[in-house]
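With the numbering used here applied, the sequence shown has no gaps in its numbers, which climb one by one up to 547 at the end. Don't be surprised by glycine CBs; every beta carbon is placed ideally from N, CA and C. Please read the structure below before turning to the comments.
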Amino acid sequence: MGLWSVLAVGQGFLRSEGIADFELYGVVAACDANAALSKAIDLATRHWPEIAQGHQTSESEAAIHAEAINEIALVAGMEVDIVDVSWM
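Shown next as structure tokens:
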């Protein structure tokens, strides 16, 4: 299990104010890069349920794309398994 810095972009998500995109960033503990992305998305979905649209069928326009997933070392004061989403 390692620590991973995850940066992902979501596009085409339906929100109360209309269609929106987002940028997701966080640090998660996971066994590999794929698991890190999945965990980051799951954590974000807990606070922003509309992100679950990215897991729906091919009929959904919403999509999430990984921009960067890098294994990192723990630094004092670093928060792990915390993600932040900035809507655009």
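| Item | Value |
| --- | --- |
| Which whole-angstrom value describes the C-beta separation of I523 and I500, a residue pair presumed to lie in contact below a C-beta threshold of 8 Å? | 6 Å |
| Where do the ends of the beta strand (DSSP E) carrying D491 lie? | No beta strand (DSSP E) holds D491; DSSP gives it neither H nor E. |
| Buried or exposed: I528, going by 16 or more other Cβ atoms within 10 Å of its Cβ? | buried |
| Between the Cα of E520 and the Cα atoms of F472, V465, V468, E509, which residue gives the shortest distance? | F472 |
| Cα separation between Q512 and G485? | 20 Å |
| Considering Cα atoms alone, identify which of A535, D480, L533 is closest to E509. | D480 |
| With W546 as the anchor, note down where its beta strand (DSSP E) starts and where it stops. | 541 to 546 |
| Express the C-alpha separation of S475 and V468 in angstroms, rounding to a whole number. | 19 Å |
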